[in-house]
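Asks: Using full-length UniProt numbering, the letters of the sequence shown map in sequence onto residues 1 to 314. Take a look at the following structure, please.
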Amino acid sequence: MITVTGLRKAYGDVVALDGVDLHVGRGKVFGVLGRSGAGKSTLLRCVNLLERPDEGVVTVDGHELTTLGAADLRRARQRIGMIHQHFALLSSRTVAGNVAFPLEVMGVGRAARARRVAELLDLVGLADRAGAYPAQLSGGQKQRVGIARALAAEPSVLLSDEATSALDPATTQSILALLRRLNRELGLTILLITHEMDVIKAVCDSAAIMSDGRIAEAGSLPGLLATPGSRLAAELFPLPAAEPGTVTVALAADETLLSRLARTYDVDVAVVGGAVEQVAGAPAGRLRLRITGAGAAAALAGLRERGLLVEEAA
Ligand SMILES: Nc1ncnc2c1ncn2[C@@H]1O[C@H](COP(=O)(O)OP(=O)(O)OP(=O)(O)O)[C@@H](O)[C@H]1O
Numbered sequence: 001m002i003t004v005t006g007l008r009k010a011y012g013d014v015v016a017l018d019g020v021d022l023h024v025g026r027g028k029v030f031g032v033l034g035r036s037g038a039g040k041s042t043l044l045r046c047v048n049l050l051e052r053p054d055e056g057v058v059t060v061d062g063h064e065l066t067t068l069g070a071a072d073l074r075r076a077r078q079r080i081g082m083i084h085q086h087f088a089l090l091s092s093r094t095v096a097g098n099v100a101f102p103l104e105v106m107g108v109g110r111a112a113r114a115r116r117v118a119e120l121l122d123l124v125g126l127a128d129r130a131g132a133y134p135a136q137l138s139g140g141q142k143q144r145v146g147i148a149r150a151l152a153a154e155p156s157v158l159l160s161d162e163a164t165s166a167l168d169p170a171t172t173q174s175i176l177a178l179l180r181r182l183n184r185e186l187g188l189t190i191l192l193i194t195h196e197m198d199v200i201k202a203v204c205d206s207a208a209i210m211s212d213g214r215i216a217e218a219g220s221l222p223g224l225l226a227t228p229g230s231r232l233a234a235e236l237f238p239l240p241a242a243e244p245g246t247v248t249v250a251l252a253a254d255e256t257l258l259s260r261l262a263r264t265y266d267v268d269v270a271v272v273g274g275a276v277e278q279v280a281g282a283p284a285g286r287l288r289l290r291i292t293g294a295g296a297a298a299a300l301a302g303l304r305e306r307g308l309l310v311e312e313a314a
């Protein structure tokens with residue numbers, strides 16, 4: 001759905017993007033994580049060509065944006081919604097007026113516009129605040145207006161630029177739950193940038209980590225959790241230093257792994273570190289285990305065969 005190849009962008013001597021390749025499949029939620037200055041915002045602005053890359057190709061929903069002329073680009077951009085950290089609402093317009101704005105620009109007639117605005121406000125749970133002004137709303141409500149406005153033109157792709165960074169943890173979770181619901185119900189493809197691990201865990205199917213204008217690592221979350229030496233997995237699920245005789249396993253959507261291991265191989269399994277959390281709605285994580293008993297070697301072989309044995313501490 002979104003494919004970026006060989007993207008480069010420099011501001012004078014500062015190389016913000018240094019050869020970025022990225023693919024986000026249709027209907028997926030993809031998170032790009034990275035420290036301040038890593039190039040995340042530049043990447044997002046290059047995906048809808050708000051910023052023109054110096055080199056590289058950007059394809060969204062089958063359109064190669066980097067080769068389009070101004071009129072075609074404007075049309076293709078209508079299929080890409082964007083939400084922002086500080087909401088970017090028009091303070092002089094009501095909630096309904098903000099959501100109607102892109103429809104007015106597109107030339108949608110008054111009656112159709114009113115219908116669509118009502119639908120969108122219902123979708124984001126703000127039907128009763130249509131006449132309020134942004135200053136009268138909480139941060140979470142403002143972001144719901146931002147999301148409704150971004151969806152006005154029925155985009156197939158939503159770009160999210162740190163959409164929850166200005167919100168408290170509970171509001172963050174409710175906005176992330178809304179994004180996940182929109183992803184499921186509308187089949188919306190979402191590319192988001194964030195510096196928060198919890199955002200990645202809450203909504204993303206896949207993730208990448210950026211540093212110094214490059215993608216350092218990328219993959220599906222279950223795949224990354226099962227990858228030895230994965231930096232993203234270590235950031236998502238930090239583990240204490242390994243003790244000799246322990247092993248690290250990846251757990252993905254299989255909460256019965258440990259009891260089955262104990263039953264199948266007649267071993268004792270002690271958890272000595274790690275965590276399991278809800279990742280995109282299913283339990284996943286990394287656990288450090290001490291497996292003992294006559295069947296220990298066979299149990300490890302079984303885990304290795306299934307690609308779940310991440311590390312063994314000698
Ligand atoms: N318009 C600009 N002019 C000059 N330099 C810029 C511009 N935009 C970004 N940069 C530089 O490019 C680099 C990448 O910036 P970018 O904003 O993409 O990073 P980021 O990962 O989004 O950081 P943050 O999380 O702080 O927003 C930084 O060194 C930044 O100073």
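Here a beta-carbon is modelled for each residue, glycine too, at the ideal position from N, C-alpha and C. What you are looking at is a predicted structure, and each value in this text was computed from that prediction instead of being measured.
1. Note down the Cα distance separating L73 from G19, rounded to an integer number of angstroms.
2. Taking Cβ positions, are L182 and T164 nearer each other than 8 Å?
3. Do V203 and L239 count as a contact pair if the criterion is CB distance below 8 Å?
4. Who's in the neighbourhood of ligand 1, going by beta-carbon under 6 Å from any heavy atom, listed in chain order?
5. DSSP three-state label for G131, please.
6. Taking buried to mean at least 16 other C-beta atoms within 10 Å of its own C-beta, is D161 buried or exposed?
7. If distances are taken between C-alpha atoms only, which option among G131, A148, A153 comes closest to V108?
8. What first and last residue would you give for the beta strand (DSSP E) that runs through E255?
9. Taking only three categories from DSSP, how would you classify S165?
10. Check D198 in the structure and name its three-state DSSP category.
11. Please give the ranges of any beta strand (DSSP E) in the segment 34 to 84, keeping only runs that are unbroken, at least 3 residues long and fully inside the region.
12. Since R113 and E104 are thought to touch, with beta carbons under 8 Å apart, how far apart are those beta carbons, to the nearest angstrom?
13. Between the Cα of E55 and those of G6, A262, A132, spot the shortest distance and give me the residue it belongs to.
14. Ignore the nearest five residues each way along the sequence and tell me which others in N98's own chain have a CB closer than 6 Å to its CB.
15. In terms of residues, what are the limits of the alpha helix (DSSP H) holding G223?
16. For A282, does the count of other Cβ atoms within 10 angstroms reach 16, so buried, or fall short, so exposed?
17. Using the Cα positions of T194 and D266, report the straight-line distance between them to the nearest angstrom.
18. Among the residues of its own chain, which have a CB less than 8 Å from the CB of A38, if the five just before and after it don't count?
19. Among the residues of its own chain, which have a CB less than 7 Å from the CB of A216, if the five just before and after it don't count?
20. Rank F101, Q143, L151, Y133 by C-alpha distance to the C-alpha of E119 and give the top, closest one.
21. In terms of alpha-carbon separation, which member of G293, A280, L258 lies closest to L309?
22. Would you please state the rounded distance, in angstroms, between the beta carbons of L225 and A284? I believe it to be under 8 Å.
23. Less than 8 Å between the C-beta atoms of P155 and G273, yes or no?
24. I'd like the span of the alpha helix (DSSP H) that includes K28, first residue to last.
25. Measure from the alpha carbon of T248 to the alpha carbon of each residue in R260, T256, A234, then state which is nearest.
26. Quick one: grab the DSSP three-state call for S156.
27. T94 and A130 - do their beta-carbons sit closer together than 8 Å?
28. For R116, report the span of its alpha helix (DSSP H) as first-last.
Replies: For this structure:
1. Each residue's CA atom was taken as its position, placing L73 and G19 some 23 Å apart.
2. The beta carbons of L182 and T164 sit no closer together than 8 Å.
3. Not a contact, by the Cβ cut-off of 8 Å.
4. Selection around ligand 1 by beta-carbon proximity, strictly under 6 Å to any non-hydrogen atom, yields Y11, V14, A16, G34, S36, G37, A38, G39, K40, S41, T42, H195 in chain order.
5. Note: G131 maps to coil in three-state DSSP.
6. With 16 or more other CB atoms across the displayed protein chains lying within 10 angstroms of its CB, D161 is buried.
7. V108 has its Cα closest to that of A153, out of G131, A148, A153.
8. Note, E255: premise wrong, no beta strand (DSSP E); not H, not E.
9. Looking at S165 - three-state DSSP - the assignment turns out to be coil, as it is neither helix nor strand.
10. DSSP places D198 in helix when its eight states are reduced to three.
11. Correct list: 55 to 60, 80 to 84.
12. Indeed, because the Cβ distance is near 7 Å, the residues count as touching under 8 Å.
13. It is G6.
14. Excluding sequence neighbours, N98 sits near L89, L90, V145, R149.
15. Per DSSP, G223 belongs to the alpha helix (DSSP H) from 221 to 225.
16. Answer is exposed; the Cβ neighbour count stays below 16.
17. Taking the CA atoms as reference points, T194 sits about 44 Å from D266.
18. Short of 8 Å from the beta carbon of A38, and not among the five residues preceding or following it, lie these beta carbons of its own chain, in chain order: M210, S211, D212, G213.
19. Non-local C-beta neighbours of A216 in its own chain, meaning closer than 7 Å and more than five positions away in sequence, comprise I209, M210, R231, ordered along the chain.
20. Of the candidates F101, Q143, L151, Y133, the one whose C-alpha sits nearest the C-alpha of E119 is L151.
21. The option with the nearest alpha carbon to L309 is L258.
22. The pair is a contact, with the Cβ atoms about 6 Å apart (cut-off 8 Å).
23. Result no, Cβ atoms of P155 and G273 do not sit closer than 8 Å.
24. Note, K28: premise wrong, no alpha helix (DSSP H); not H, not E.
25. Nearest Cα to T248 within the set R260, T256, A234: A234.
26. Here S156 carries a coil assignment [DSSP, helix/strand/coil].
27. For A130 and T94, yes; Cβs fall inside 8 Å.
28. 110 to 123 is the extent of the alpha helix (DSSP H) around R116.
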